[in-house]
Structure formats: C-alpha cells, structure tokens
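Plus 98 on top of the position in the sequence shown (first one is 1) and you've got my numbering.
A short write-up of the structure that comes next.
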Amino acid sequence: MTQQEPVTSSVEDGIALIRIANPPVNALSAAVRGGLKRAAEAAAADPAVRAIVLAAEGKTFIAGADISEFGKPPVPPSLPETIAALESLSKPVVAAINGAALGGGLEVALGCHARVAAPSAKLGLPEVNLGILPGAGGTQRLPRLIGAAPALKIMAEGKPISAKEAQANGLVDEVAEDVVAAAKTLALKLAGGALPAVPKDRTNLGAREAFEEAAAAILKRNPNNPSVEACVDAVRAAFDKPFEEGLAVERAHFTRLRDDPRSAALRHVFFAERAAARIPGLPKGTAARPVQRAAVIGAGTMGGGIAMCFANAGIPVTLIETTEENLQRGLERVEGNYATSVKRGSLAEDAKAKRMGLIEGKVGLEAAAGADLVVEAVFEEMGLKKEIFGKLQEIAKPGAILATNTSYLDVDEIAASTSRPADVLGMHFFSPANVMKLLEVVRGKETAPDALATAMEIGRKLAKVPVVSGVCYGFIGNRMLARRTAMAERLLLEGALPQDVDKALTDFGFRMGPFAMSDLAGIDVSWRIRKAMNLKTAPVADALAEAGRFGQKTKRGFYDYSADGRTGAPDPEVATLIERISAERGISRRAIPQEEILQRLLFPMINEGARILGEGIAARAGDIDTVWLNGYGWPAWTGGPMFYADSVGLPKIVARLREFAAASGDTNLEPAALLLRLAHEGSSFTALDEKAAA
Ligand code: T1G
C-alpha cells in the first residue's frame, strides 16, 4: 500500500485549495507540517494564485500536534515555523474549519488571515489536559484576537467552544454549512486588500484588570496546576511584552512542561483510555446489537442513577421495582437529582422534563420485555440475582443483553442461572452512577462477542469510559481497593490516626482519603456486610459503628462533623478508641512516617494489579490505570497505579513489599509473579503493554 500524501494542493479560479488528509484526526505529524509549509511556499510563488483556502478531510479539522511524537527527537519544520509560513504570506489564507480544531489545529487556524467554521465545529486549546500549554503561538494570538480574559478561560479550562460561541467572540469570521465554498468566497474578497492578520499589538487584549481578575479566579479553582499557571503567565506576557517575546515566554513554558514527568503521565492517560476500547480476542468487525430501549431492575440509588444515564443519553428506559411504593420513592429520587441540577443551572427545565419523560416506572419484571438491554441493580445477593436472571430468560426479548451491576459477585454463576449465558455480562457502574465516568464491563466465560461489543458501545453512548474486566471477586477496581482498605485499618492499629492515613493520600493527589470516604458513604454499610459474613477484618470501623458513629449522617464517624455537618475534624475520642483496640491486641503503637503510610497503601494495590494482569483479568496495565483514574479519583498526573509503579521503579516496590510481608506475616503482600518477573528483567508495565499492542 502506498502512503497517500497527507497534504495536497490544487489551484482553481485563482484559489489554491490546500487539503490535509491524515486520518483518523489530521494530527500535525512531521509529514503534515512539512507538506503544509511546502504548499504555502508553492502558493506564494504561483502567480496564478490570488488566495488560499486551508481545508481538511474527514470529521475533524485538525486535532492538534501528534501526541505520539512527544518525547521523540523533533523533526523539522516545527509547528511554529509552519504557522509562521502561513501567516507571513502576502496572499490571504482562510481556514475552512469543518470539525474539531484543537490545540495546534486551532493555532494553525489562528495563523490564517480569517476563519470559517461549520455549525458543528468545536474550537479549543485542550493542552492543559496533557499537562502542557499551547505551544505554537496560541497563548499570544488568541488573546490578541478575542481578548485576554476570554482567551485565558478557553486555554485554562481546556474545554472547546462551539462555532456559535466562536463567532460571537470573534474567533471565527463566519459560520457556514459548506465551509470550503464560504472560505473561497471570503478569500477572494480579501485578495488584493490589506490582510486581516491577528494584530500583534495590544489593541484587542481588553482591560488588564479584567484579565487579572479572571486569572486570580482561575488560579484559585486550579490550585497547584503548573499548566494553568503557565497559561496565566504566558497570556500576561501579551500585555507586558512585544509579540515575539511573548512567543519566547510561551516556548520556554512549553518545553519545560512537555519534559516534566507529569505531562508524560497525562499523555499515557490519553492513550490508555483509548486503548481500553480495543478488546483483545474480539473478532474484527464484530457489530454491536442495536439498543433502542433499556430496562433497569431496582430503583434504589444505584438503579435510579443508571436509569438517569440512559435518559441523559436520550435512550428510553423502564425503571422496574417490586412494589408501587419503592418505585415512587425511586422516581422521586431521580426527579430530585434532576431538580438539583436545574437549581444549580447545569440543566434547563425543559431538558429535565424531556429526561424524566424518557424514564418509565413499572412494577414487575414483565416490564423488561420491551428492552434490548436489561441492567439488574438489586441487592448484592447471589440468590436474588439468580432468581431474577432465571425469570429474565423467559421475559427478555431474544437477543436482549442481560447485564448485572454486581460489584463483587461471580458473573459466570449468575449467567449459569439462565438458558442464555451468551447474553449475560456485567455492567458495573460506580456511585453516583450518573456522575462517575467509569464502567467496568465484565466478560463472562460464555459472553458472546457481540454482547460485549454492545456493552462497550452503550458505555460510550452513556458518556462513560468502559473498561473490560474478567470475572473475579471485586473485578479490577474493588479487588485492588480491598488491599488498600485492609492496610488502612492495619495502619490505625500500628500507630497512625485516620487523619494521618487520609493526609498521605490527599497529599499524593486523591481528593479524599479512605476514612473521610467511609464517613461520607456511611460506616454502617460495610459494617452490616461484615457482620452478615462474620468478618473481623476492620475492628476500628466495627467499633465506631457499634458506638453509633456511622459517619457524616450521624455527625460522627472517623471524624467529628459537629461543626457544620460536612467538615470532618480529628476527634480525640476516636484516637482513644483506636489506642484501646491496639492495646487489646498487644500492638505497641509507633509514629509511622507519611512516606511509609503512602507506600503501604499504594504498593499492595499495585501488587494486586500485577496479579490481575497476570491472571488476564485485565488485558493491559493501562486498563487498570483507566479504572483507577475514572472510578476512584487516582490523580491523573501520576498516570494511574501501574504507570506510577513504573515511575517509582519496580525493584523498589518488590523490595518494600517483601519487607511489608516479612513484618506482618501476610503472604498477600509477597510480590506477585508478574511484578517479580518484570522487576527482574528490568522491564516495566508500560513496556509490557507496548509489546502486547505491537
Ligand atoms: N495525536 C495523536 N493521535 C491522536 C490525537 C493527537 N492529537 N488525537 C486523537 N488521536 C488518535 C487517538 O489516539 C485515537 O487513536 C484516534 O486518534 C481517534 O481518537 C503545539 C502541543 C479529536 C475530539 O489534545 O480530543 O496540539 O485509539 O478515539 O472520540 O499547542 O481525539 O484509534 O488508535 O479520541 O472521535 C492537543 C486530542 C494536542 C486533542 C476526536 N490536542 N484529541 O475524538 O476519537 S497538543 C488534543 C481529541 C498540541 C500544540 C500542542 C479527540 C478528538 P486509536 P478518539 P474521537
């Protein structure tokens, strides 16, 4: 197969039409940059050319720099050079923005003399999501085109704006269905006149006070974010320095941030999330089954949240309960959640009505008959689940997917309770289901390939990040979490207090530590489960629950919430209770350094992750990272547990785990076989994934 030229050019009626075709998203690879620069030079030299239109093939205009080229030796021409070549032409260049113009893609458009965008186009500078800042003039040109404060908002938030918004703020000159035709007309109109390039002076920056005010608010909302800080500094340079010097400020920040390990981690996150969509062993071209209607069994907090996910995506859903009373309570909770969104201004009243209109409440399993996908979300009780799936085999349409939202239970055992195990899989949502992005799709041993493909596709339609997991107790996320939970309790008995354990994790970047989280979720929930299973694994949590300290809802748990009901203060009573339990068990308490706390919380999880990978429960280390980043608040700039493990160094983790195992006698803490092998070979989880992908 011969590689098609990614940039082609043709001249007609005095216009050079330069087209970029670099699927899938027209990223600005070295070949594209080279092609663009040559096409610009050719158009400049051709006397038949009066004006130039820059257009792109496919759904996207340009998705920005080619992220896979980061960290490799740079190949000329650089993007700033390429853009300078376009901007300095004495003939007008008009960008025909057919789809997303992101990052370097928008910066290319800013180097043109005018911009026409399709109504569906999105324009943005998402670089902060990759731990960098716009590096090809975006921080200098955008403020000079639309004003410093609005430009800062776009780059600091990293969220694209619509064509309509872009027209309103002056980023695009025109919105048109046929962007190429409109761009041609505009280009010819501009030919011969003075070219309307982005002004290089301060004319359009707006008031400095307005910028400083916006900057202060943005910095406050994004504490300790080096990318956002760099955006502010670079845009400020537009006020203080001439254009070229502003570019130099931007460049310096860009190279520094690009080479920072945090940016490498965020690039890993970008590719890992996308790789998770590829399912090993799924026959090529496996088509998803059509899903026109869904049903959710169980209108509790979880079931209601899942029903909201379908309604939010425009998919009609039947919410099923056993009694009218339970159903009404469930529907009221859903309505209440939407009402809160309306009150906060994030949902319009008519949108709320539309979504509620998509949710139909019914009593009795028979109501699942019309659904193409049934999600069971009842209590975590195997007997009950089997009974429901046994009935569903008769009720559900032939070919309907039968999904269980179980967090722990054996999906194969559930599947075996039906005559159609090929239709059965797990769809494990995370609480609150309408908010959390993670969806673990659990593949049973009998699950049909097209059933799996359907769950993954629906997951994406619900705006989730779906990750495939094999069957095991707790799947990927909760199985690893259990290691952390057990260790957190042990740390309390050995000398730490809840605030010490939580601080180790919040300093690392988690929003919340395990004890603050328990207080929020309710200590009684897991206490009841432990009691039912006769488990004695969490003596401190059990003692708190027995004392009626259930967490925030009783104003007391691991912390004291008596101040305002939500802010937890360390409680001396809890310290006394923990010390008493340590003493009863003959454990002499000691001060545990924060670094040790962190390692003892994270390394056993990584070890469990290695087991999960070794057993084939997860297909890639990157899938495990994706689970933790989207379902458990793992800080993105460390890349997720397995990427973080590579950055710590696997031999160090092996050595520490051996020490933890020896000190505690807990064989679970012995390093996993895969971890040992990779450490021994001097390899890494990243290298393992790369080898598997090749
Ligand atoms: N570079 C390389 N590959 C990219 C890419 C990029 N910029 N964008 C997407 N891909 C790959 C992606 O990995 C996937 O590959 C396939 O394209 C489809 O993507 C100097 C430095 C454009 C909205 O951050 O937001 O410019 O998995 O599944 O849902 O200042 O892709 O199929 O092998 O996401 O239709 C800034 C990133 C770069 C935009 C399309 N730009 N891309 O979404 O498809 S930094 C971005 C997106 C920069 C300059 C700086 C989305 C999309 P595979 P997809 P999609």
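For each residue, glycine too, the CB sits at the ideal point set by N, CA and C.
TODO: Determine the burial state of residue 807: buried for a count of at least 16 other Cβ atoms within 10 Å of its Cβ, exposed for fewer.
DONE: Nothing in the structure corresponds to residue 807, since the chain is present only between 99 and 792.
- [ ] Taking the CB atoms as reference points, tell me whether residue 109 and residue 137 lie closer together than 8 Å.
- [x] no
TODO: Would you kindly report the start and end of the unbroken alpha helix (DSSP H) that includes residue 367?
DONE: 359-373
- [ ] At 4 residues or longer, and completely inside the segment 636-713: list those alpha helix (DSSP H) runs for me, N to C.
- [x] 637-644, 670-682, 692-712
TODO: Report yes if the C-beta distance between residue 391 and residue 414 is below 8 Å; otherwise report no.
DONE: yes
Task: Three-state secondary structure assigned by DSSP to residue 105 - done: strand
Task: Length of the line joining the Cα atoms of residue 325 and residue 611 - done: 25 Å
- [ ] Count the other CB atoms, across all protein chains shown, that sit within 10 Å of the CB of residue 739; report buried if there are 16 or more and exposed otherwise.
- [x] buried
Task: DSSP three-state assignment for residue 264, whether helix, strand or coil - done: helix
TODO: Please report how far the alpha carbon of residue 113 lies from the alpha carbon of residue 354, in whole angstroms.
DONE: 40 Å
Task: C-beta atoms of residue 118 and residue 160 nearer than 8 Å - done: yes
Open item on the list: What does the alpha-carbon distance come out to for the pair residue 580 and residue 622?
Closed with: 17 Å
- [ ] Assign residue 252 to one of three DSSP states: helix, strand, or coil.
- [x] helix
- [ ] Check the DSSP bridge columns for residue 351 and list the partner residues they point to.
- [x] For residue 351, which the question treats as bridged, DSSP gives no partner whatsoever.
Open item on the list: Are there any heavy atoms of the ligand T1G lying less than 7 Å away from the beta-carbon of residue 122, as far as the coordinates show?
Closed with: yes
Open item on the list: If contacts are defined as beta-carbon pairs under 8 Å, then residue 701 and residue 786 qualify, I think. What distance do you get, rounded to the angstrom?
Closed with: The pair is not a contact, with the Cβ atoms about 18 Å apart (cut-off 8 Å).
Task: Distance between residue 524 and residue 502 (C-alpha atoms, nearest Å) - done: 5 Å
Open item on the list: Let me check you understand the geometry: is the CB of residue 782 closer than 7 Å to at least one non-hydrogen atom of the ligand T1G?
Closed with: no
- [ ] Let me know if residue 66 comes out buried or exposed under the rule of 16 or more other beta-carbons within 10 Å of its beta-carbon.
- [x] No information on residue 66 is available, as it lies outside the stretch 99 to 792 that the chain covers here.
Task: Rounded straight-line distance, which links the Cα of residue 204 to that of residue 115 - done: 18 Å
Task: Chain-order list of residues whose beta-carbon lies under 8 Å from that of residue 450 (same chain, five-residue window excluded) - done: 436, 437, 439, 440
TODO: Indicate the three-state DSSP secondary structure (helix, strand or coil) for residue 324 in the structure shown.
DONE: helix
Open item on the list: Quick test of your reading: residue 793 and residue 500, contact by CB under 8 Å. State the CB separation rounded to the nearest angstrom.
Closed with: Beyond the ends of the chain as shown, which are 99 and 792, falls residue 793; an answer cannot be given.
Open item on the list: At a threshold of 7 Å, does residue 272 count as lining the ligand T1G (C-beta to nearest heavy atom)?
Closed with: no
Task: residue 733 - DSSP class collapsed to helix/strand/coil - done: coil
TODO: Could you work out which residue in 242, 566, 752, 748 is closest to residue 340 when comparing CA atoms only?
DONE: 242
Task: Backbone CA spacing between residue 123 and residue 410 [nearest angstrom] - done: 27 Å
Task: residue 465 vs residue 393 beta-carbon contact at 8 Å - done: yes
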